[in-house]
Amino acid sequence: MFGCGFKTVVFSVVLTVSVSYCSIAIPIAWKVLRTNQSGSWNSHWIRLLKTIQPAFSKDHIVLVLADRGIYSPSLFRTIASMGFHPYLRINSGGMFKPEGKKIWIPLSNLIKSPGEQWSGRVTLFKSTKSRLECTLLGCWQHDGEKPWLIATDLMPGESDPLWYGFRAWIEQMFKNLKREGWQWHRTRIESADRAERHLLAIALAFILVISITPNVEHLPDIEFHIETTKKKHSSIFSPHSISAFRAGRILLLMCLIAGKSLPKPRFITIPWDLFTMARYGCSE
């Protein structure tokens, strides 16, 4: 699950909580804020998370991933108290103290070069007001500009800093929500309440196009013509060649053009170990 905010033409920011699926994020809760609306976002995030909390049973292991601008110690503790697992990226400007040690170390000294990883139980931040007991994860991917520093309540042996890479899926959702999909960045709606209802319709459309994607391979009587800038070719569509969102939209349009009924929506469940191996190309 991801927490993130983005700007539109009319509104200052839209706070969204989304779930990950097939390299994309599906929005499930949101709050639209006006440009002149002041105050902390924490209360809004907590309200959104409490809204969706009943949808998850105690058997679900839920990771809540969020970028650096969202982190706060109080939000971390609230997420953990709800039975979810915070996976919050933090800035490198503070200090930390490894468990059992007395010396405070700058966070900027934890990961110094690409390829490095670190995990351990720590006390985060020196000031009493910001102090937090947690697990600190750090890694710097070879193709990354900066290292990731992540605070979580999971133990070091139960977590992997590379899992934070799933947060990038929400960026694809933003593209589909705006320029590469529903064009919501062009909205001229000025009422925050109306904008939130409009987002509900868009979220349902997300679910529709993504949920019919697994059915593509089971429709051999529909041929998809994929155009490129260099050449044209025809082939039976493979859902792995383009995003799940685009695949669903193509299938939806082709069914309408061909006069065929829409396939029954369904979602694929992928075991976590296979999911992470496919994502990172690694094994245990």
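The numbering used here puts the last residue of the sequence shown at 284; the count rises by one with no breaks. Where a beta carbon is used, it is the ideal one built from N, C-alpha and C, also for glycine.
Would you check if the distance between the CB atom of residue i and the CB atom of residue j is smaller than 9 angstroms?
i	j	result
Ala205	Trp182	yes
Pro147	Ser119	no
Asn42	Ser74	yes
Arg246	Glu180	yes
Leu251	Ile212	yes
Trp30	Leu49	no
Ile26	Met173	yes
Ala285	Val14	Residue coverage of the chain in this structure runs from 1 to 284, which leaves residue 285 outside it and unanswerable.
Thr123	Glu158	no
Ala244	Ser23	yes
Gly83	Gln53	yes
Val209	Arg266	no
Which partner residues of residue i appear in the DSSP bridge assignment?
i	result
Ile24	Tyr21
Cys85	It should be noted that the sequence gives His, not Cys, for residue 85. Partner(s): Leu63.
Ala29	Val17
Thr285	This structure cannot settle anything about residue 285, because the visible part of the chain is limited to 1 through 284.
Cys255	DSSP lists no partner for Cys255.
Does DSSP put residue i in a helix, a strand or coil?
i	result
Met155	coil
Phe56	coil
Lys50	helix
Leu149	strand
Gly115	coil
Glu190	coil
Leu199	helix
Ile70	coil
Ile105	strand
Gly248	helix
Gly138	strand
Gln183	coil
Thr213	helix
Any 3 or more C-beta pairs closer than 8 angstroms across the segment 138 to 150 and the segment 75 to 83: no
Meets three-Cβ-pair contact criterion under 8 angstroms: the segment 62 to 78 and the segment 94 to 107: no
Segment contact flag, the segment 149 to 157 with the segment 82 to 89, C-beta cutoff 8 angstroms, min 3 pairs: The segment 149 to 157 vs the segment 82 to 89: in contact.
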